[in-house]
Each structure stands twice: as C-alpha cells, then as structure tokens.
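Novice:
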C-alpha cells in the first residue's frame, strides 16, 4: 500500500508540474512613461496605465480561478447532460466509501468492494450480455457515469479512506484530475485503488481501475472519448459455517472474534478484467446570428493615447504627436479602423447533427481454486476435470457497437420545438467458454459469434423551465435478438404552488427482451447450463413529486414482469451414517417463471431543518406478488439526525448518528461459482435476514478545499440477525476515516 501511494503521488506531481509552466504570465500590464517623449498634459497620455516606478514589482499576487462545470454524456448519442460534482459536497461524505450505498440500500457480502444488489427493485438494472461486471457498479466506470470537466484551472481531487489494522483493514485511494487545453478542449484521468482484507476469513478484495478521457466542443465538430481498464479480484469464503456464531454467540462455550469464525470455503477466487474504449463525435450543420448586446456592455472607444500606441514605430509616433493637424487626422483614421474591427458577438445555432458512436468492451471472468475444495459442497462430479482442486475456468466476452444517427436539433423550426433523432446500430459479440473436451492437461474452448442490427428514434425537449420530455423506441431487426423491442418515455413539469416550487416527473417503458447470453449458455468446472429461454417483458410506470420548500420527495412505481428470468440456488442435503443432515451440496441454474409478477413500490424522502438541527429520512415500501421468485423487503428505512455548525466561521462540522433498517425477508443468496446473487432454494429450509438496525456515529468536517470524516460503524453490534446477505455477516464495530482534498493549480 505504501509503495502504491508513493507511486500515485509521484505520478500526480509529474502530471501537475508542467501545468505551472503552461500558464500565461500577463503581469500587470503597466509601463513607465518616463523617457517616452509623451507629456502628461496632452490627451495622448489619457488612459495610459499607472507607472510602476517606486513600487516593488517582485511581489505579484497569484490569483487562481476555481470555476468549472461538469457533465456526463448519453452513451448512445453522446448528448451532454449537466451534472454536479459530488466530490466537493461535505454532507454524507462519511458514507461515500460504503459499498452498501449512501443510504445502505444494497445487499453486500460485508466487506468493502464486494458484489452488491439493490434492495429497491426500481433501482435494479436489467442484466446485460456482460453481466458479471454489473454487481460492481459502484467501482465500474462507464461512459454514462464518467464526469467530463471544463475548468479554468487544473482540477485535482485526491481521496484516501481507511479502516482497521494490517490484518483486517480496508484501504481505498482515489484520484481525479482534469485540465483544459483551451476553452473548448480538455483532458483528464481518474484512478481508483481498493484493497480490503476483511473482518472474516477468506474475503479479501483487491480492485484497481484507471480511466483516461478527453473532449473537444467546437461550433461544428465535437468529440468525447475515454479508455478505461479495471481489475477486480475477490476471495470467496461461501459465508460462515453457522449463523449461530452471529445470532446466538452465547450458545458457544467461548467467545469468537470475527476471524475465529470458520467459513465454508478458503481457496476459491473470482476475477474480472474489464476494458472499455468509447468514442462519440458529431458534426453540426447550422448558422451564425448576431447577439444583441446592451449599450452598457458594448466595447468603449479607446482613448487617444491607446489609439496612438497602435503605431509600432516609436519615431513615427513621436513625429505625428508633434504635429497637431496630422495627429488629429491620424486619430480619425485609427478610430475608423477600430470601429471596423469591432465584430458583434455571434452565436452558432446548430440545426442538424450527424453523430457516430463507437463502444468497445472486453470482459474476462475467471473462477479458480488453488487447492482442493470440499467435494460435498457441490451437487455433482466435476464436469470437465477429475477434481475441484487447482482448477481455473475462464470466459471472455467481447462487444463492439457502432451507432450512426441524424439529429434535428431542438428548435430547428419555429413549428417544431422538440428535437428529433433517428439512428441505426450494429453490435458484434464474441463469447468464449470452456469446452466439454477440456481435461486436466488440456484447455479447449467453444466460441459463439453474434451480429445484431437495430434501429430507433427519439424525440425530446430539454430547453425551457416548465416542461421537458423525451420519448423513444428501438427495435432489433437482424440477429438472434431480432424482435427485441424497447419503448420508453419520460418528462417533468415544474410549476409554482403556494410559494413553493413543485416538480413532477413521470417515466414509463415497455421492454420485450431476449435473455442475456450467459443466462442461456454457461460452461464451467462447477456449473453448466445450455437452454433456450422465452423473451422477458417489462412494463413499468413511475412517478416522482418533489416539493423544494419542504424538502419532500414522493416516489411511486409499478412494474409488471412476464416470463421473469432469474438465477436460482439448488441445495442437496448431505447425510451422515444415521441419516442426519450435516451440510448441503450447492448448484445454481437459470430459472424462468411463467405468467406475470407485479411489483409495487412507494417511497418518501423528507429532510427537516431547524437551526443547527437536521434530520434526513427515507422510507421505502415494496410489495411483490411472488416472494419466492422475486423476494423484496416490505420496508427499508434510513434515518439520519445530525447537527451542523461552523467553528470560527470557516470550519463546517456535522455530528450525527444514522441508521439503516429493513424488514426480514428471504433475501437472495450469493453464488461464489459465478459471482452473482441467486434466489434461495424454496424446497429446502431458507434463511431470513433483516429486522436488525445498523447504527453508525460520525463526525464530518469541511474547511475550504478539504473534507474529512470519522465514522464508527455498527456500534450496536451484538447477538442478533446482523447479516447483509444470507450467511454473510455485517462487519463488527469498526472505525473508519477519510479525507478528500481539491487542488486548483
């Protein structure tokens, strides 16, 4: 860790050092009139800057502007979406590094950097063809969640988060850097390193990611580009051997520390290596028009002295200044010349854009063991090797997508206020999986190649304050995904009501989708399936009402799912000589529920503020019509009372205690074979988690460009149902701290 920190610090210094030499040194622009031949009693001297004579010019005040703006982009067409840089916000900074989310809304395996799943169904993303990377969305960088920056000064953000000791600690180091080449172009990078040993045995996580990005925004041509590389390695312990160590530790003759509790597995690992190359660029067709400028902002005619200084020849200027008639005539000519040079400000109005987007991704998912695993842990003999010892299963997926679009920009016609986009896309996929011919001495692979062609269109209105909307549809025409359909739409309405600003948002979609590749085909040492699955249909309607004055947000949604596709665990009892169950053998497969499942969800987010006292609350209610197939907690609650005040008017401090809670339910189990969550086997005894409050006490501080926190997590740890996922306990009481520092030079 020390070596990596030193390496990143050195890299930052190397990258930032040249920036100081790139800055233009304008000085203060003053000059000495002594000996210039000009006299202070004529009009020529008017407007000249004051002399530096008699002043110490060696001390120059260095002003560093800190203004910047940031945005994200739409992955399909590269549309710029304004964004707020959350890395500068002090509130909730103590939760920034939590894998379980800011408000504890995800199920995890306990340790920092573990795979996660949203408990709120409306926040879950549908699985895609590279699904193994999706449980790491908090770490994974996509073109849609990368921040691009236009800044007047080089911007650097460095963060460090720490918890625990050398034996069980968690460390994370993050860096973000952005600088402008000119007013229209900028470049930057971000780096993220995470290493968490874990409070329980065999659960260490190591992750590293790096991203380079750049952009150019001209009147006619614009481009955004990024390239990222991510390496994620996770030790899999299969959970603890008995939940009683957590739920009823008094039943054991002695007390157990977290590292003393035995786990099911000790030598199994999952690894994901993911690379992304993304490019979106466009060419705008349009026109320029003059901008009306009020007289107060129009340029002022230079003084006579400033006009005459345009004459570069000093001797000629002296001769002209000595002849009054010639000087007046010259000044008249210089005034006419200056007026001819003044061009009114002009603005480019794009009417039509031609867009091309290229998106390349490569994912290698590896499941491997370096020693013998317990054979009674599996439901079958090894598929392709003689034993479960020292094996390695690898699958690789490559995706390359090209999209071409024509956009009629918003406001292109006085009769057409919305923007219209039409596009077509080609996707290529290549998948590699172990073959049945593989043996202990030979690795053989099977390959699949897929080509898909789709077409679609969008209509949107983003300008104005009152009403915004967008609607679109995409259909696949060629390939195994032919017939897939995605229709979506949304909008927001903003209006005043009783001295309050009200915002109502609505979204809806209909999706008819083929199953992702890995839900139809998966081949490995430990699990194997090859099946055809019917298309899955989703119909969702969602609304959100926000009252700014009262800090109230109401959200409600309903979704109907037909032919629901999911991963399911299968358990087979292991019996001793007397027929008693000693353990269970595990397997996992793809399941599909015929008919329909409905999910209803409603949430309330309310912030209360009275003096220095603040109280943030969120409560989510959910209902599922089939809890065996799609289990959800009925209630999830986050509450955070705290006080916020300033010390010496410069140090902002927050002191508070926050709580996460969700009602008990049969939460999805976790499969270490594929690194994904799966429903528990309903034919065998199942485990409920939840109904356990998780209390954290924290202190936040922020002063100028520095933020920091101290967070005492799970300080109510004790006997009870304290699990983030079945058989994966919440970490015991631990102390976390972190710091974030912004630099603008």
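In our numbering, the protein residues as written are 6 to 750. For glycine and all other residues, C-beta sits at the position ideal for the given N, C-alpha and C.
Go through its chain and collect everything with a Cβ distance to residue 516's Cβ below 6 Å, but skip five positions before and after it.
Specialist: Within the same chain, residue 516 has close Cβ partners 491 and 543.
Novice: Helix or strand or just coil, what does DSSP make of residue 336?
Specialist: In the structure shown, residue 336 sits in a helix (DSSP, three-state: H, G or I).
Novice: Determine whether the beta carbon atoms of residue 381 and residue 588 lie at a separation below 8 Å.
Specialist: In contact: residue 381 and residue 588 (Cβ atoms closer than 8 Å).
Novice: List the whole-angstrom C-beta distance separating residue 373 from residue 396, where the pair is believed to meet the contact cut-off of C-beta under 8 Å.
Specialist: Between residue 396 and residue 373 the Cβ distance is about 6 Å, and since that is below 8 Å, they are a contact.
Novice: Buried or exposed: residue 463, going by 16 or more other Cβ atoms within 10 Å of its Cβ?
Specialist: Under this definition residue 463 is a buried residue.
Novice: Using a Cβ-Cβ cut-off of 6 Å (strictly less than) and excluding sequence neighbours within five positions of residue 445, which residues of its own chain qualify?
Specialist: For residue 445, where only same-chain residues beyond five positions count, the Cβ hits under 6 Å are 390 and 391.
Novice: Buried or exposed: which applies to residue 745, given that a residue is buried once 16 or more other Cβ atoms fall within 10 Å of its Cβ?
Specialist: With 16 or more other Cβ atoms within 10 Å, it is buried.
Novice: Can you say whether residue 136 is buried or exposed, counting buried as having 16 or more other CB atoms within 10 angstroms of its CB?
Specialist: Looking at its Cβ environment, which holds 16 or more other Cβ atoms inside 10 Å, residue 136 is buried.
Novice: Hey, quick one: how far does the alpha helix (DSSP H) through residue 380 stretch, first residue to last?
Specialist: No alpha helix (DSSP H) holds residue 380; DSSP gives it neither H nor E.
Novice: What span of residues does the alpha helix (DSSP H) with residue 311 cover, start to end?
Specialist: Element bounds for residue 311: 309-313.
Novice: By alpha-carbon positions, which one of 378, 146 and 472 ends up nearest to residue 235?
Specialist: Ranking 378, 146 and 472 by Cα distance to residue 235 puts 146 first.
Novice: Compute the beta-carbon to beta-carbon distance between residue 526 and residue 497, rounded to the nearest angstrom, for a pair I have assumed lies under 8 Å.
Specialist: Not a contact, Cβ separation roughly 41 Å.
Novice: Secondary structure at residue 697, three-state DSSP: helix, strand or coil?
Specialist: In this structure, residue 697 counts as coil in the three-state DSSP scheme.
Novice: Compute the beta-carbon to beta-carbon distance between residue 387 and residue 530, rounded to the nearest angstrom, for a pair I have assumed lies under 8 Å.
Specialist: That pair is a contact at about 6 Å.
Novice: With distance defined between alpha-carbon atoms, name the residue in 647, 533 and 121 nearest to residue 99.
Specialist: For residue 99, the nearest C-alpha among the options comes from 647.
Novice: Expressed to the nearest angstrom, what Euclidean distance is found between the alpha-carbon atoms of residue 238 and residue 232?
Specialist: Near 21 Å, if we compare the C-alpha coordinates of residue 232 and residue 238.
Novice: What are the residues that DSSP puts in a beta bridge with residue 417?
Specialist: Paired residues: none, contrary to the question.
Novice: Quick check: what's the CA-CA separation for residue 281 versus residue 626?
Specialist: Each residue's Cα considered, the two are about 37 Å apart.
Novice: Between residue 7 and the rest of its own chain, which residues show a CB-CB distance below 7 Å, the 5 nearest in sequence each way excluded?
Specialist: Here the model assigns residue 7 a pLDDT of 47, short of 50, so the residue's position is not dependable, and the following value carries that caveat. Around residue 7: no qualifying Cβ.
Novice: Between the alpha carbons of residue 330 and residue 347, how many angstroms are there, rounded?
Specialist: One C-alpha to the other measures close to 26 Å.
Novice: Going along the chain, which residues of its own chain have a beta-carbon closer than 6 Å to the beta-carbon of residue 207, five neighbours each way excluded?
Specialist: Correct list, in chain order: 240, 242, 268 and 271.
Novice: Look at residue 71 and residue 78 and say whether their C-beta atoms are less than 8 Å apart.
Specialist: No.
Novice: Can you tell which of 706, 665, 710 and 715 has its C-alpha closest to the C-alpha of residue 696?
Specialist: The residue with the shortest Cα to Cα distance from residue 696 is 665.
Novice: Classify residue 728: buried if its beta carbon has 16 or more other beta carbons within 10 angstroms, exposed otherwise.
Specialist: Result: buried.
Novice: Kindly indicate which three-state DSSP category residue 347 falls into: helix, strand or coil?
Specialist: Looking at residue 347 - three-state DSSP - the assignment turns out to be coil, as it is neither helix nor strand.
Novice: Are there 16 or more other CB atoms within 10 angstroms of the CB of residue 710, so buried, or fewer, so exposed?
Specialist: By the 10 Å Cβ count, residue 710 comes out exposed.
Novice: What does a CB cutoff of less than 6 Å around residue 575 pick up in its chain, not counting 5 residues either side in sequence?
Specialist: Counting only Cβ-Cβ distances below 6 Å, and skipping sequence neighbours, we find 592 and 686.
Novice: Counting only the same chain and skipping the five closest in sequence on each side, list residues whose C-beta sits under 7 Å from that of residue 487.
Specialist: These residues qualify, in order along the chain: 481.
Novice: Need the endpoints of the beta strand (DSSP E) that residue 432 sits in, please.
Specialist: Note, residue 432: beta strand (DSSP E), 424-439.
Novice: Take the Cβ of residue 179 as the centre, count every other Cβ of all protein chains shown within 10 Å, and call the residue buried at 16 or more, exposed below.
Specialist: When all chains shown are included, residue 179 counts as buried.
Novice: Could you check whether the stretch 601-612 touches the stretch 555-572, counting it as contact only if at least three pairs of C-beta atoms, one from each stretch, sit closer than 8 Å?
Specialist: Touching, yes.
Novice: Taking 7 Å as the cut-off, is the beta-carbon of residue 560 closer than that to any non-hydrogen atom of the ligand ZN?
Specialist: Looking for the ligand ZN in the displayed structure turns up nothing, as the structure carries no ligands at all.
Novice: In or out: residue 618 buried (at least 16 other Cβ within 10 Å) or exposed?
Specialist: With fewer than 16 Cβ atoms within 10 Å of its Cβ, residue 618 is classed as exposed.
Novice: Return helix, strand or coil for residue 324, following the three-state DSSP convention.
Specialist: Helix at residue 324.
Novice: For the putative contact between residue 431 and residue 448, defined by C-beta atoms under 8 Å, what is the C-beta separation to the nearest angstrom?
Specialist: Going by Cβ atoms, the distance from residue 431 to residue 448 rounds to 32 Å, so no, they are not a contact pair.
Novice: How many whole angstroms separate the CB atoms of residue 680 and residue 140, which I take to be in contact at a CB cut-off of 8 Å?
Specialist: Rounded, the Cβ-Cβ distance is 7 Å, consistent with contact.
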